[in-house]
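Participant: Here it is, the structure, as structure tokens.
Number of protein chains: 6
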Amino acid sequence: MFLSVKRLPHPIPPSDKPDPKAAQALQEGLGGQFGEMRTMMQYFFQNMNFRGDAKQYQDLLRSIATEEMGHVEQVANTINMLLEGATMTSEQPNDLPLSVALDSPNIHHFLVAAQSARPVDAAGNPWSASYVYDSGNLVLNMIYNLMLEATGRLQKCRLYEMSNNKAFRSTVSYLIVRDLTHEKVFAKALETLGVNWGKALPIPRIDTSGMPEVRELESKNLHNQMWTFTNKGETSEIGKIFKGDSPFDDGGKLELIEGFPEGANVPFFPEAPQEFAPGLDSELKKLTHGKK
Amino acid sequence: MFLSVKRLPHPIPPSDKPDPKAAQALQEGLGGQFGEMRTMMQYFFQNMNFRGDAKQYQDLLRSIATEEMGHVEQVANTINMLLEGATMTSEQPNDLPLSVALDSPNIHHFLVAAQSARPVDAAGNPWSASYVYDSGNLVLNMIYNLMLEATGRLQKCRLYEMSNNKAFRSTVSYLIVRDLTHEKVFAKALETLGVNWGKALPIPRIDTSGMPEVRELESKNLHNQMWTFTNKGETSEIGKIFKGDSPFDDGGKLELIEGFPEGANVPFFPEAPQEFAPGLDSELKKLTHGKK
Amino acid sequence: MFLSVKRLPHPIPPSDKPDPKAAQALQEGLGGQFGEMRTMMQYFFQNMNFRGDAKQYQDLLRSIATEEMGHVEQVANTINMLLEGATMTSEQPNDLPLSVALDSPNIHHFLVAAQSARPVDAAGNPWSASYVYDSGNLVLNMIYNLMLEATGRLQKCRLYEMSNNKAFRSTVSYLIVRDLTHEKVFAKALETLGVNWGKALPIPRIDTSGMPEVRELESKNLHNQMWTFTNKGETSEIGKIFKGDSPFDDGGKLELIEGFPEGANVPFFPEAPQEFAPGLDSELKKLTHGKK
Amino acid sequence: MFLSVKRLPHPIPPSDKPDPKAAQALQEGLGGQFGEMRTMMQYFFQNMNFRGDAKQYQDLLRSIATEEMGHVEQVANTINMLLEGATMTSEQPNDLPLSVALDSPNIHHFLVAAQSARPVDAAGNPWSASYVYDSGNLVLNMIYNLMLEATGRLQKCRLYEMSNNKAFRSTVSYLIVRDLTHEKVFAKALETLGVNWGKALPIPRIDTSGMPEVRELESKNLHNQMWTFTNKGETSEIGKIFKGDSPFDDGGKLELIEGFPEGANVPFFPEAPQEFAPGLDSELKKLTHGKK
Amino acid sequence: MFLSVKRLPHPIPPSDKPDPKAAQALQEGLGGQFGEMRTMMQYFFQNMNFRGDAKQYQDLLRSIATEEMGHVEQVANTINMLLEGATMTSEQPNDLPLSVALDSPNIHHFLVAAQSARPVDAAGNPWSASYVYDSGNLVLNMIYNLMLEATGRLQKCRLYEMSNNKAFRSTVSYLIVRDLTHEKVFAKALETLGVNWGKALPIPRIDTSGMPEVRELESKNLHNQMWTFTNKGETSEIGKIFKGDSPFDDGGKLELIEGFPEGANVPFFPEAPQEFAPGLDSELKKLTHGKK
Amino acid sequence: MFLSVKRLPHPIPPSDKPDPKAAQALQEGLGGQFGEMRTMMQYFFQNMNFRGDAKQYQDLLRSIATEEMGHVEQVANTINMLLEGATMTSEQPNDLPLSVALDSPNIHHFLVAAQSARPVDAAGNPWSASYVYDSGNLVLNMIYNLMLEATGRLQKCRLYEMSNNKAFRSTVSYLIVRDLTHEKVFAKALETLGVNWGKALPIPRIDTSGMPEVRELESKNLHNQMWTFTNKGETSEIGKIFKGDSPFDDGGKLELIEGFPEGANVPFFPEAPQEFAPGLDSELKKLTHGKK
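As given, the protein sequences belong to chains A, B, C, D, E and F, one line each in that order. Under this note's numbering, think of the first position of the first sequence as 1, with each following residue one higher. Under this note's numbering, think of the first position of the second sequence as 1, with each following residue one higher. Under this note's numbering, think of the first position of the third sequence as 1, with each following residue one higher. Under this note's numbering, think of the first position of the fourth sequence as 1, with each following residue one higher. Under this note's numbering, think of the first position of the fifth sequence as 1, with each following residue one higher. Under this note's numbering, think of the first position of the sixth sequence as 1, with each following residue one higher.
Next up, the structure:
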């Protein structure tokens, strides 16, 4: 089972402007083949189907799977923030409150959803569970997961260079850092199984000094910290693996924290009558007691 | 964000026998169009994309979304329990340890996964995010969700009549009761918006006295109870909706409980060397310290 | 069986201008998850698979299924009208008669089809029969169908606000009104099963006075009229359900008409040699006797 | 627009026995890549998107599209007939009324549908509109359609040899003959464009004397007859093409008939309470007035 | 088995400018339903599954299948050429080296791939093996293949008219000519089975004098030449079919050549550090010895 | 470009018996997510999209891509061999020559194809190009490819234990050995980039002494040999990587061979008139000169 915490992992600043193109690009991080829905589901399945008594690996998968659930929220809320304000309220019969939709890369943001996130990738393809990999073989799963996090980080680095919208950059930078941590988790797990990575990792192998938002998060050691994401009183054996030196040649010291990060408020999204969302007229509003 | 609790919602008794056919049937409840992956994701998206200040509905969606995460675990573990023992360890060159796979309805249980659950439906189709519905319109979402839970319950009632394997029946019965509760949640939400359901609900409209496992759970009032699935100290406004009398003519009194149910232990699944899962030989085992 | 009537349900005025973006938006109404191909197929399957002797519901499904076949034609022809004139005939080697395709949201309109409609949604995804819902349970099917029509109407209201192209608006407005009628059909069917809708419906719950094209059709009572769409001499029991007062609080009086609406001419689309459509050279034309 | 005629093209005798395997095989003729849903939709789109004044080809497409709608009904009803009786009504808690589902090739017949047809092929894949072909080029469309009918006939000949269940054979034989007629329509259309087929057609090129059910239908000249499937009073130019000698070396004389074939009654399918279909309890039945 | 020859079939001139729109259009020729991946796979499967001793048809399929492998390379390399230069190297923190991606029709060219080709069509749909047709019936397969080549040529003629970018036009023109040759191969095969095509073919039936790049290739008789694409010393019976006069009324003389065309160099694509491709830093480069 | 060699990589002994279940299991090796169509296409795309001058990696990808083309043939032909004899020729009207199809796990083997291989996986899902991975990042691609080969080998080891049919085992064993070689290629490539694998590889980490068919091939050093699969006279830089000691602790000495293996004859598959394949009647046969 899981419990809800009504906080996002990381704050989302307001978008510089309504930005449907950045929103659509960021969909790759939500519903893409290497996005957060996929990492969440993949680790969840590997955790549930785990065989044998090497519990530290099973726990490790569970902690990351749980963190990824929060990443799904982080990305979806950022997409919503980027879309906010893109349409207008109709005042007169000749207004075209949703005309922006015809010039947006994914019209479904406005036509199927009410100016909000969709479980699709940046090219509009729906997420598919055929992405989920679970071979049952421990070494193989760890290699796959390492590759998955490295690909996620690679794509987020590419996203970083597509837009400097503040809302977009903030979340993308956060994920670049967290994907690096997860890459370390799986690289470390493979170290416990005898692999020495030399200088092959991390991927991409870059100097992040050109990415100030990333640098700032690294200055807080976020790229070396894992939370257990366990309910109070529960234990996790992930610490048998995630400890000591970083598996990369970056001099990092790994740090395990019980519980979850402090996080940030979940943004409030106002009514969008031009989208008929939530679409309550005055009589229905009286019933909901939402406004009195 | 979310937190992990290493408990299942409901205990899973051992399977009467290795039962790949029942396992494949139950896949519908996991990766089917009306299965637990879908309810979880649909409510999750509706929660994240919610617009306006009628927070009681947004909170309601979050509590159920969180409960469904545990249902995904419940079903996946039950599938694993049903598959357990279906194959044997090879002793000699002429043995065929996995020959059962050729007579099973989904060979992927043994060939792609290591005798374990897959994110597919009972006909083998991978789960697709094109199933996820979120119109942004509150009344419409509530009607869809009511229909979704009713369809889920209908399919589980049909599953109930396909097999009397104890592990299968236990989880199917639990879900019949929980889907009924969720049907009540959405019916009640629509009552707050003015609808009177008469005798049209629940669906299916049946006397459960022919289903002793279901009856037993109803005798504990499980069909009228909701948990908030919130972390300690968090509040939820779901109680503004889920209170008072059942929206159906069953005389139920709705009961909201803070937190989560006590639940049951997560089963342990042993190594399956014939599946190369986890596939650690003695040297790798030494490294994992799993066995010393 | 079915018979063809070479008339469209509603006239299509010429497009204000060649308008590939409006054409692509309107694809949602044709091949989208809540478009006309889907309603047509869903009611068709529910009609064919109907069980039991409550024939009024089976007949109701058949009448609407048949009407939807005409709606498929209405939308496809409107898309063709919107695309008409978008390309030009090549005169010289340096001309680029189809260059508009590179700036259009769905290049397949020009590359795969010959400047004409495709069985896809507004994001380019092919229609899938996995959309078709038929549970076999009468109450459940009616709830689903109500939701389906309400979602269709919601999306068409959003489309209305995306473009004021006259060809586009005419068909979109017609469908807003017809979807409302169909919403009434299913709401009424559920009334006969005991539900009282209060003020929860219709969806979206809006004042259409800001939509003059819709208003005009409502002034002809089109939002309260159903045809049987039966061949001369055939009877339909739909009238047992579709009669009396509107199920919504709009004061409407339901009206059932035998047969089908008068409709309008099917538009003629001229040859597009730049698309090689139909691609008959002078010798082949002599053979077809199309021109003499 | 279209009108409904509540008749099937061809009578369906009762199934020799409940036969889920034959039912699943026949799904290929419904939702397969070369089944009736596809032919119906392909000709429908080619008809709607037709360019130019060679109306005889456009009308030809419309007549066959309309006939295919009835074929969809024919096949779906036959599948339902084959499934009828496969499950039983539960009498006692230990009964397993739907256990047959676990041994059936498509469990969705019983779990998702209520013992009835699904829009999928014989391997369980949902029908996809990506099958629909419309190039806009007249010669090319005619060649594709010829190939489509020939493939349909080939698959139905293979189906014929898979089962001798009477309900199955009756519909399969009917379609073998109708597909042959449609093959002639498109071969003839290509003859008007200058092609001479020699002995290459029909496909498969077989002596049907080993198929008595087919032979009987041929003895009524059904393989040389086309109906216009037009509403009374409408004209169709298909007769400019479908006339004179068969395009194959079979000595046939083509015959065009205005209107539609006499056909047969649509079968009645009784309630299946074990499937909760239609799922009306005694109180709801009173409301529907279905039983008094 | 197959052997690699590191040559492209046809030279690719540099692109006039970085041209992501032309690149995306050309994806239809790679991963589209009628593109080169499909022809390659379809003929490959028909070759492998061939039944009977009519070896000339089996060999014919193999030669064309092998040629299509080279066409896949031709198109993918042309897409890469069109994308080359579209992004820039980042110099400073405020640069947006990949911002072009947000204005490109398929963001995946830059986000998933490293500014390079993808196995998708021009609308972004992944190639699917459900496109591959192999009925096992010889006449039917030949008709299908003829239609496939004609559709491929039709689409390439449409592409020709969308852009005059030199890199784009060069490859598109080459394929227009080769598809014509392949259309002749299958038309000829059907001639050997008794069909006479009259003036119905080729499709599209156009005068290519308005297409100077095509004309030039035809002046070298490329539209009448087939290579065997066999390894030195191997024989092929394709010459039993591909010989004598063209099956169309174009006066062509068919010419079979053993081996493969001379072809052109494969282009070199430089590193794109902004895409992290190949992403080797100076230390890794030392290891690869790529630079010393 | 590529050249055809009409030889299979490895001989296929006759099947012990017609074996549709083994045939369907083996489909995973052809059209599965980790089957030969995927490895072939993935390496082909990585080769075409390669950036930079580290040619030894680009050549390595090309050699393996080319080998995989032959593996596609190997698996497809083995499936055909397993299906051979499964149906019978009809002699009399009451015969059911294809009735075996109704009891086979994939009826499409007999209904869509003519008793032959299909581009689908063992659960019937069509192969999809969404499987193809090419990030453009060299290290990442190499890690992915290593994982891909290891998963392929894992699945083939599982297949080995499902059936002891000789035709099946022969090809499966061959692929177990070749996948091991390819695993070594990519492990070695990563060694050149600094990784030390310790005892983590190969996967699965098993003693193959219980697999006599595998052992026999290993005794010929097939698990340490790579061919260049280049045309005579072409060079390949793969030898810069594939040389020296095996990257695993198995004591192997890597051996590079120019050209291709000797291989075996391609099997001949006779006509199957019950499948209408190739479906030539005596008159058409005269035309093909296949029989005189």
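Every residue, glycine too, gets a C-beta built ideally from N, C-alpha and C. If you're wondering where the values come from, they're calculated on a predicted model, not measured in any experiment.
For a contact meaning CB atoms closer than 8 Å, what does PRO204 (chain A) contact in chain E?
Facilitator: The sequence position of residue 204 (chain A) within the first sequence is 204, counting from 1. Those within 8 Å of PRO204 (chain A) in chain E are PHE276, GLY279.
Participant: Using 9 Å as the threshold, is the C-beta distance between MET48 (chain D) and SER4 (chain C) below it?
Facilitator: Counting from 1 along the fourth sequence, the entry for residue 48 (chain D) is found at position 48. Counting from 1 along the third sequence, the entry for residue 4 (chain C) is found at position 4. Cβ distance not < 9 Å, so MET48 (chain D) and SER4 (chain C) don't count as in contact.
Participant: Scan the stretch 149 to 163 of chain B for residues whose Cβ lies nearer than 8 Å to a Cβ of chain D and list them as they occur along the chain.
Facilitator: Taking 8 Å as the Cβ-Cβ cut-off against chain D, the residues of the stretch 149 to 163 of chain B that qualify are LEU154, GLN155, CYS157, ARG158, LEU159, GLU161, MET162, SER163.
Participant: Distance check for GLY233 (chain E) and PHE34 (chain D), CA to CA, integer angstroms please.
Facilitator: Within the fourth sequence, numbered from 1, the residue matching residue 34 (chain D) stands at position 34. Within the fifth sequence, numbered from 1, the residue matching residue 233 (chain E) stands at position 233. Each residue's alpha carbon lies about 41 Å from the other.
Participant: Below 7 Å on C-beta distance, what does LEU167 (chain E) contact in chain C?
Facilitator: For the purposes of this step, residue 167 (chain E) is identified with residue 167 of the fifth sequence, where counting begins at 1. Residue 167 (chain E) is actually Ala in this sequence, not Leu. Those within 7 Å of ALA167 (chain E) in chain C number zero; the least Cβ separation is about 15 Å.
Participant: How should GLY29 (chain C) be labelled, buried or exposed, when 16 other C-beta atoms within 10 angstroms of its C-beta is the threshold for buried?
Facilitator: What you label residue 29 (chain C) is simply residue 29 of the third sequence in a count that begins at 1. Classification of GLY29 (chain C): buried, given that the 10 Å Cβ count is 16 or more.
Participant: Give a yes or no on whether the minimum CB-CB distance between GLN24 (chain E) and chain C is below 9 Å.
Facilitator: Here the question's residue 24 (chain E) lines up with position 24 in the fifth sequence. So, interface residue.
Participant: Using a Cβ-Cβ cut-off of 6 Å (strictly less than) and excluding sequence neighbours within five positions of THR228 (chain F), which residues of its own chain qualify?
Facilitator: Sequence index remark: in the sixth sequence, residue 228 (chain F) carries index 228 (1-based). Around THR228 (chain F): SER63, SER236, GLU258.
Participant: Around the Cβ of ASN265 (chain D), are there at least 16 other Cβ atoms within 10 angstroms (buried) or fewer (exposed)?
Facilitator: Along the fourth sequence, read from residue 1 onward, the residue named residue 265 (chain D) stands at position 265. It counts as exposed.
Participant: Could one say the Cβ of HIS289 (chain F) lies closer than 9 Å to chain D's Cβ atoms, at least one of them?
Facilitator: Sequence index remark: in the sixth sequence, residue 289 (chain F) carries index 289 (1-based). So no, HIS289 (chain F) is outside the interface.
Participant: Does the stretch 194 to 206 of chain C come into contact with the stretch 206 to 214 of chain B, if we say contact requires no fewer than three beta-carbon pairs (one atom in each stretch) closer than 8 Å?
Facilitator: The stretch 194 to 206 of chain C is not in contact with the stretch 206 to 214 of chain B.
Participant: Find the nearest neighbour of ILE143 (chain D) within the set D:LYS199, D:LEU190, D:MET162, judged by alpha-carbon distance.
Facilitator: On the fourth sequence, position 143 is the one that residue 143 (chain D) refers to. Answer by Cα proximity: D:LEU190.
Participant: Can you check DSSP and say which residues form a bridge with SER128 (chain A)?
Facilitator: Position 128 of the first sequence, counted from the first residue, corresponds to residue 128 (chain A). Answer is B:SER128.
Participant: Of all Cβ atoms in chain E, is any one closer than 9 Å to the Cβ of TRP380 (chain F)?
Facilitator: Here chain F has residues from 1 to 292 only, and residue 380 (chain F) is not among them.
Participant: How close, in whole Å, do the beta carbons of PRO9 (chain F) and MET41 (chain E) come, if the pair is a contact with beta carbons under 8 Å?
Facilitator: The residue you call residue 9 (chain F) lines up with position 9 of the sixth sequence. The residue you call residue 41 (chain E) lines up with position 41 of the fifth sequence. Contact flag wrong, Cβ pair sits at about 19 Å.
Participant: Please go through the stretch 153 to 230 of chain E and give each complete alpha helix (DSSP H) segment of 4 or more residues, from N-terminal end onward.
Facilitator: Listed in chain order, the complete alpha helix (DSSP H) runs (minimum 4 residues) inside the stretch 153 to 230 of chain E are 166 to 192, 212 to 219.
Participant: Just to confirm my understanding: we take LYS6 (chain B), look at its own chain, exclude 5 residues before and 5 after, and list those with CB closer than 7 Å. What are they?
Facilitator: Your numbering for residue 6 (chain B) matches position 6 in the second sequence. Excluding positions up to five away in sequence, the list reads VAL266.
Participant: Under DSSP, the beta strand (DSSP E) around LEU61 (chain B) begins and ends at which residues?
Facilitator: Numbered from its first residue, the second sequence carries residue 61 (chain B) at position 61. Per DSSP, LEU61 (chain B) belongs to no beta strand (DSSP E); it is in the alpha helix (DSSP H), 55 to 83.
Participant: State the DSSP-derived secondary structure class of LYS6 (chain B), mapped to helix, strand or coil.
Facilitator: In the second sequence, residue 6 (chain B) corresponds to position 6, counting from 1. In this structure, LYS6 (chain B) counts as coil in the three-state DSSP scheme.
Participant: On the DSSP bridge assignment, give the partners of LYS253 (chain B) in chain order.
Facilitator: Reading the second sequence from its first residue, position 253 is the one you call residue 253 (chain B). Paired residue(s): B:ASP245.
Participant: Does SER170 (chain A) pass the burial test, meaning 16 or more other C-beta atoms within 10 Å, or should it be called exposed?
Facilitator: The residue you call residue 170 (chain A) lines up with position 170 of the first sequence. By the neighbour-count rule (16 or more Cβ atoms within 10 Å), SER170 (chain A) is buried.
Participant: With H, G and I counted as helix, E and B as strand and the rest as coil, what does DSSP make of ALA23 (chain E)?
Facilitator: Here residue 23 (chain E) is taken as the residue at index 23 of the fifth sequence, counted from 1. Helix.
Participant: Kindly confirm or deny that the stretch 65 to 80 of chain C and the stretch 85 to 100 of chain D touch, where touching means at least three C-beta pairs closer than 8 Å.
Facilitator: No: the two stretches stay apart, fewer than three of their Cβ pairs being nearer than 8 Å.
Participant: How many whole angstroms separate the CB atoms of GLY296 (chain B) and LYS199 (chain C), which I take to be in contact at a CB cut-off of 8 Å?
Facilitator: Because chain B in this structure spans residues 1 to 292, residue 296 (chain B) falls outside the shown range and cannot be described.
Participant: Would you decide whether PRO247 (chain C) is buried or exposed? Buried here means 16 or more other CB atoms lie within 10 Å of its CB.
Facilitator: For the purposes of this step, residue 247 (chain C) is identified with residue 247 of the third sequence, where counting begins at 1. Flag for PRO247 (chain C) reads buried.
Participant: Could you please give the first and the last residue of the uninterrupted alpha helix (DSSP H) stretch that includes ARG38 (chain E)?
Facilitator: As a first step, residue 38 (chain E) must be located in the fifth sequence, where it is residue number 38. Segment 36 to 48, the alpha helix (DSSP H) holding ARG38 (chain E).
Participant: Return helix, strand or coil for VAL139 (chain E), following the three-state DSSP convention.
Facilitator: The sequence position of residue 139 (chain E) within the fifth sequence is 139, counting from 1. Residue state, collapsed to three classes: helix.
Participant: Per DSSP, what are the beta-bridge partners of VAL120 (chain D) in this structure?
Facilitator: As a working note, residue 120 (chain D) is residue 120 in the fourth sequence. D:PRO126, per the DSSP bridge assignment.
Participant: Who are ALA303 (chain E)'s beta bridge partners in DSSP?
Facilitator: Residue 303 (chain E) falls outside the range modelled here, since chain E spans only 1 to 292, and no answer is possible.
Participant: Report yes if the C-beta distance between ASN293 (chain E) and PRO278 (chain F) is below 9 Å; otherwise report no.
Facilitator: Nothing can be reported for residue 293 (chain E): it is not among the residues displayed for chain E, which extend from 1 to 292.
Participant: Can you tell me where the alpha helix (DSSP H) holding LEU111 (chain C) begins and where it ends?
Facilitator: Position 111 of the third sequence, counted from the first residue, corresponds to residue 111 (chain C). 108 to 111 is the span of the alpha helix (DSSP H), which, as asked, contains LEU111 (chain C).
Participant: Quick one: Cα of ASN221 (chain F) to Cα of LEU256 (chain F), how far?
Facilitator: Position 221 of the sixth sequence, counted from the start, is the residue given in the question as residue 221 (chain F). Position 256 of the sixth sequence, counted from the start, is the residue given in the question as residue 256 (chain F). Approximately 12 Å, taken between the alpha carbons.
Participant: Checking 9 Å against the spacing of the C-beta atoms, do ILE176 (chain C) and ASN77 (chain C) come in under that value?
Facilitator: Position 176 of the third sequence holds residue 176 (chain C). Position 77 of the third sequence holds residue 77 (chain C). Against a cut-off of 9 Å, the Cβ pair of ASN77 (chain C) and ILE176 (chain C) comes out as no contact.
Participant: Whole-angstrom Cβ separation of ASP103 (chain C) and GLN27 (chain C), contact assumed at under 8 Å?
Facilitator: Against the third sequence, residue 103 (chain C) aligns to sequence position 103. Against the third sequence, residue 27 (chain C) aligns to sequence position 27. Actually they do not touch by this definition, with Cβ atoms about 17 Å apart.
Participant: Between the Cα of PHE45 (chain E) and those of E:ALA54, E:PRO105, E:GLN58, spot the shortest distance and give me the residue it belongs to.
Facilitator: Taking the first residue of the fifth sequence as position 1, residue 45 (chain E) is located at position 45. The candidate whose alpha carbon is nearest that of PHE45 (chain E) is E:GLN58.
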